[in-house]
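Here is the structure we will look at.
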Amino acid sequence: MPFPKIDSIAVIALVLLAADSLPAQTPAQAFGASRSHHCGLGASGTGVGDFNGDGYLDVVTANRTDDNVGLLLGDGFGQLGPVTTFPTSGGAHELAVGDVNQDGHLDVAVADNGGDMLTILLGDGMGGFAPAASFPSGNNPLTVALGDFDEDGDLDAAVSTYPDVVIHLGDGLGGFSTFVNYPVGGRPFFLATADMNEDGHLDVVGVNYNTSTVAILHGTGLGTFLPAQVFSAGVGGKSVAVADLNHDDDLDLVVASYDSHEVEVFLNDGFGSFLSVATMSAGLATHSVDVADFDFDGHPDIVAASSNSQDVRLFLGDGSGAFGSPTVYGSGIGPHTLAIGDFNGDLSPDLLEACFSSANVHLRLNTRPHPSFDGTVDTPSGTPQKVLFVDGSSQARIALGLNQPVLINVLAPPSSPSIAYFLLAGYVGEPSLAKVTDLPFGLGQVCFPAPLVA
17 MPFPKIDSIA VIALVLLAAD SLPAQTPAQA FGASRSHHCG LGASGTGVGD
67 FNGDGYLDVV TANRTDDNVG LLLGDGFGQL GPVTTFPTSG GAHELAVGDV
117 NQDGHLDVAV ADNGGDMLTI LLGDGMGGFA PAASFPSGNN PLTVALGDFD
167 EDGDLDAAVS TYPDVVIHLG DGLGGFSTFV NYPVGGRPFF LATADMNEDG
217 HLDVVGVNYN TSTVAILHGT GLGTFLPAQV FSAGVGGKSV AVADLNHDDD
267 LDLVVASYDS HEVEVFLNDG FGSFLSVATM SAGLATHSVD VADFDFDGHP
317 DIVAASSNSQ DVRLFLGDGS GAFGSPTVYG SGIGPHTLAI GDFNGDLSPD
367 LLEACFSSAN VHLRLNTRPH PSFDGTVDTP SGTPQKVLFV DGSSQARIAL
417 GLNQPVLINV LAPPSSPSIA YFLLAGYVGE PSLAKVTDLP FGLGQVCFPA
467 PLVA
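Using our numbering, read the sequence shown as starting at 17 and increasing by one per residue.
And the structure:
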C-alpha cells in the first residue's frame, strides 16, 4: 500500500546520523524498467509536486508543441494517471512549481516561448488550475525559476530570454511586475536559484548556450542583482544543477553541455571562484542534468539525459567531487528534462524523464536497497543533531520532499508502543509534512531494538 499521510505534529523523534556512520554499500542496479505515460507533444520541461492534496507526488509537463501544461496525478504506488491539459499563451518551453499566491496550493509558472510571456497557472489544490494569466517577459523566453529575490516573503520569477535574464517581482497574489533585464554574457538556456556565495541572498545561475559559459547573478536581497560573474564551460550548455558535491559546505555546479556531449563538474572554492575538476562523456546531445543521492551512501550522484543517444546516464559520486563511470539506461525518444522525487513512498529518489519527441514521460523507480543498521549510534557530546517531530505510529512512513533521505528506520520502544523513533541518515532539506529542529545529545551511544526498515 502507499505510505500513509501525516496530518499533525506530535512527539516522535528522528536522529540524523553522519554519512560516515553508514555501512559500505554493495553496488546494485539503481533503477528498474521505465514506465511510459502520455503527457502531450513537445514535452520540453517537467516538475513535480502534490497538486491535489492527497500526499502523493504528481507531475506537470510543459508541452511546447501542444501549447499547454499537462498534469498527471500520482497514486502513491509509482503509477501516474491520464494527463489533463491546461492551455498557456503559446509555446510552453519550461516551467517551475511554487505557491505564488500564498494560498497553500501549488501553482505553475511557465516560460512561453511562442508568446514571449511568463504564464501563471494558479492551482486550486484539487488537481485543477485557474485560466492562465500572462505577463510580457522579453524576447523568446526559455526557462523560468522561482525564488524570493527581494525577501518580502513572496515568490519572484527569473526568466531566461534572448539575450538576458529578466526578473519579475511577485506581489504574493499571483501577479508579477514589469520585468527588469540583466545581461549575462550570452543566450541563457536554463536557470537555477541558490545562495552561491553564502551571503544570505538568493542568486541566479544561468548556462549560456551560444557562448558556452556559465553566468551567476549575485542577488542583493532587494530584488536587484550585481553584474554577472561569467566563466567558461563546455560547448553549448543547456542545463545546470546546484549541489554540495564534496561536502565542504559550498555549493558546486554541474553543467550539461549539449554540443560537446558531456557533463562538467565545477567545485566552489568558497571564495567566489569555480574550478572545473571533471568532464564526463554523457552521450550525444546532453540536454539535462540533475543531482540526488541515488545509492544511499550520503554522497550526491549525477544523472544526465542525452537527447540523440536516447538514454539517461547515472554517475555515482564519492563525496570528493569525483564520479565513477556511468550506468546507461535506455530512454524514450528525445529526453529533454529530468525531475526527481519519491513516487511510490519507499523514501528513495525516483527519476522522471520528459521526452520531447515521443509525447511521453518515463518514470523509473529506484530499486537499490536501503542500507542496514545495527541499532547503535555513537553521539558526540553536546553536538546539535537534526530531530524530526511528526505524528504517526510505529509502522508509519514519512512523506518527504524532493531532498530524499539515505536511510529511515521505524523503531518502536518497548515502554511506549504508541510512540515511534525514526532514525535517519544523510538527511538534507525539510520534510513537506513535518517539523525539524536541532537538539543537543550527550556523549555516548543511543541503542535501539532491531530496526524495521521502512
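Every residue, glycine too, gets a C-beta built ideally from N, C-alpha and C.
This one's a predicted model, so the numbers in the text were calculated from it and none came from an experiment.
Do Ala249 and Glu278 have their C-beta atoms within less than 7 Å of each other? No.
Judging by CA-CA distance, which residue of Thr177, Gly154, Ser323 is the nearest neighbour of Arg203? Arg203 has its Cα closest to that of Thr177, out of Thr177, Gly154, Ser323.
Given this structure, state the Cα-to-Cα distance separating Thr183 from Leu88, to the nearest angstrom. Note on residue identity: the sequence assigns Ile, not Thr, to residue 183. One C-alpha to the other measures close to 29 Å.
Residue nearest to Asp275 in terms of C-alpha spacing, selected from Gly65, His315, Asn224, Thr236: The shortest Cα separation from Asp275 among Gly65, His315, Asn224, Thr236 belongs to Asn224.
Where the beta strand (DSSP E) containing Ala125 begins and where it ends: Counting along the chain, the beta strand (DSSP E) containing Ala125 begins and ends at 123-128.
Are Ala125 and Ala173 close, meaning C-beta to C-beta below 7 Å? Yes, the pair counts as a contact, with Cβ atoms nearer than the cut-off.
Could you pull the DSSP bridge partners for Asn79 from this structure? According to DSSP, Asn79 shares a beta bridge with Ala59, Asn84.
Minimum C-alpha distance to Phe241 - residue among Asp128, Pro179, Leu379, Phe165: Ranking Asp128, Pro179, Leu379, Phe165 by Cα distance to Phe241 puts Phe165 first.
With Val328 and Ile318 assumed to form a contact (beta carbons below 8 Å), what rounded beta-carbon distance in angstroms separates them? Actually they do not touch by this definition, with Cβ atoms about 11 Å apart.
Whole beta strand (DSSP E) runs in the segment 259-284 with 3 or more residues, listed along the chain? Listed in chain order, the complete beta strand (DSSP E) runs (minimum 3 residues) inside the segment 259-284 are 268-273, 278-284.
Do you know offhand how far Leu138's Cα is from Ser341's? Going from the Cα of Leu138 to the Cα of Ser341 covers about 42 Å.
Cutoff 6 Å; reference His352; Cβ partners in own chain excluding five residues on either side: Result list for His352: Ser60, His303, Ala370, Phe372, in chain order.
So, with DSSP's three-state summary, where would you put Ser176? In the three-state DSSP reduction, Ser176 falls in the strand class (E or B).
By the 10 Å Cβ neighbour count, where 16 or more other Cβ atoms means buried, how is Asp394 classified, buried or exposed? For Asp394, the predicted structure reports a pLDDT of 49, less than 50, and the residue's modelled location is therefore unreliable. The matter cannot be settled from this model.
Output the boundary residues of the beta strand (DSSP E) element that contains Asp327. It spans 327-331 - the beta strand (DSSP E) in which Asp327 sits, taken as one unbroken run.
Beta-carbon proximity list for Gly346, same chain, < 7 Å, skipping 5 on both sides: Beyond the five residues adjoining it in sequence on each side, Gly346 comes within less than 7 Å, by CB distance, of Gln326, Asp327 in the same chain, given in chain order.
Own chain residues within Cβ distance below 7 Å of Leu238, not counting five before or after: Asp166, listed in sequence order.
Would you mind giving the Cβ-Cβ distance between Val85 and His54, rounded to the nearest angstrom? I have them listed as a contact below 8 Å. About 14 Å separates the two Cβ atoms, so there is no contact after all.
Rounded to whole angstroms, what is the Cα-Cα separation between Val426 and Asp132? Any reading at Val426 needs caution, since the residue's pLDDT is 38, under 50, leaving its predicted position unreliable; the model's value is listed next. Those two C-alpha atoms are separated by around 50 Å.
Roughly how many angstroms separate the alpha carbons of Gly299 and Asn226, rounded to a whole number? Answer to the nearest angstrom: the Cα atoms are 20 Å apart.
Roughly how many angstroms lie between the CA atoms of Ser448 and Glu110, to the nearest whole one? Residue confidence is low: Ser448 scores 38 on pLDDT, short of 50, so the model does not pin down where it sits. Its coordinate-derived value is still stated next. Roughly 24 Å separates the two Cα atoms.
Cutting at 7 Å between CB atoms, please list the residues of its own chain near Val258, excluding the five before and the five after it. Within the same chain, Val258 has close Cβ partners Ala208, Ala210, Val221, Leu267, Leu269.
Through-space distance from Gly106 to Leu363, alpha-carbon basis: Each residue's alpha carbon lies about 37 Å from the other.
State the Cα-Cα distance for the pair His380 and Ala46, rounded to the nearest angstrom. A small correction: the amino acid at residue 380 is Arg; His does not occupy that position in the sequence shown. Each residue's alpha carbon lies about 9 Å from the other.
Beta-carbon within less than 7 Å of Asp311's beta-carbon, same chain only, minus the 5 sequence neighbours each way: which residues are those? Cβ neighbours of Asp311 within its own chain (closer than 7 Å, five residues either side excluded): Gln41, Ala46, Asp317, Leu332, Arg384.
Rounded C-alpha distance that separates Asp215 from Gly163: Just so you know, the alpha carbons of Asp215 and Gly163 end up roughly 15 Å apart.
From His263 to Asn284, what does the alpha carbon distance come to, in whole angstroms? Roughly 11 Å separates the two Cα atoms.
Ile349 classed as buried or exposed, judged by whether at least 16 other C-beta atoms fall within 10 angstroms: Label assigned to Ile349: exposed.
Which residue from His378, Ser374, Val344 puts its Cα closest to that of Arg80? If you compare the alpha carbons of His378, Ser374, Val344 with that of Arg80, the shortest gap goes to Ser374.
Please name the residue, chosen from Phe192, Phe195, Pro199, that lies closest to Pro179 on a Cα-to-Cα basis. Of the candidates Phe192, Phe195, Pro199, the one whose C-alpha sits nearest the C-alpha of Pro179 is Pro199.
Cross-strand partners of Glu167 (DSSP beta bridge): DSSP links Glu167 through a beta bridge to no other residue.
Would you check if the distance between the CB atom of Ala108 and the CB atom of Val175 is smaller than 7 Å? Against a cut-off of 7 Å, the Cβ pair of Val175 and Ala108 comes out as no contact.
Whole angstroms is fine: what's the gap from Gly235's alpha carbon to Leu134's? The alpha-carbon atoms of Gly235 and Leu134 are separated by roughly 21 Å.
Helix, strand or coil for Val64? Go by DSSP, reduced to three states. Residue state, collapsed to three classes: strand.
Determine the extent of the beta strand (DSSP E) in which Met133 is found, giving its start and end residues. Here the beta strand (DSSP E) through Met133 covers 133-137.
Where do the N-terminal and C-terminal ends of the beta strand (DSSP E) with Ala294 fall, by residue? For Ala294, the uninterrupted beta strand (DSSP E) run begins and ends at 290-297, by DSSP.
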